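Structure record follows, encoded as structure tokens.
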Amino acid sequence: MLDYVVKLTRDATKISKDDHERLRAAGFDDKAILQITLIAAWFNYINRVADALGVGRE
Numbered sequence: 001m002l003d004y005v006v007k008l009t010r011d012a013t014k015i016s017k018d019d020h021e022r023l024r025a026a027g028f029d030d031k032a033i034l035q036i037t038l039i040a041a042w043f044n045y046i047n048r049v050a051d052a053l054g055v056g057r058e
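In structure tokens:
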């Protein structure tokens, strides 16, 4: 799962059906894959917004 999230974070266009199949082989169903993707994407989004606005920096 973490390899998938790292790949999604670095370049989501590189995600393929093979990545989803590896998650399924690890025991994740389609709903879990969707949740993993949504949560990782949301964290990526919110961190970029915070970084752009200087949130948390002195």
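Anchor point for the sequence shown: position 37 equals 37 in the working numbering, and the numbering is continuous, going up by one each time.
We treat Cβ as the ideally placed atom computed from N, Cα and C, and that holds for glycine.
Every value quoted in this text rests on a predicted model; they were computed, and no experiment measured them.
Under the three-state reduction of DSSP, which class applies to residue i: helix, strand or coil?
i, result
"V6", "helix"
"E21", "helix"
When you compare only the Cα positions, how much space is there between residue i and residue j?
i, j, result
"T13", "I36", "16 Å"
"M25", "Y4", "With the sequence shown as reference, residue 25 is identified as Ala, and Met is not the correct amino acid for it. Cα to Cα, A25 sits roughly 13 Å from Y4."
"K7", "E58", "30 Å"
"A66", "D11", "Since the first residue of the chain shown is 1 and the last is 58, residue 66 is not available in this structure."
"T9", "N44", "7 Å"
Looking only at its chain, what residues have a beta carbon closer than 7 Å to the beta carbon of residue i, apart from the 5 residues adjacent to it on each side?
i, result
"I33", "H20 and L23"
Give me, in chain order, the residues of the same chain whose beta-carbon lies closer than 6 Å to that of residue i; leave out the 5 immediate sequence neighbours on both sides.
i, result
"F28", "none"
"N132", "Residue numbering for the chain in the displayed model covers 1 to 58; residue 132 lies beyond these limits and cannot be assessed."
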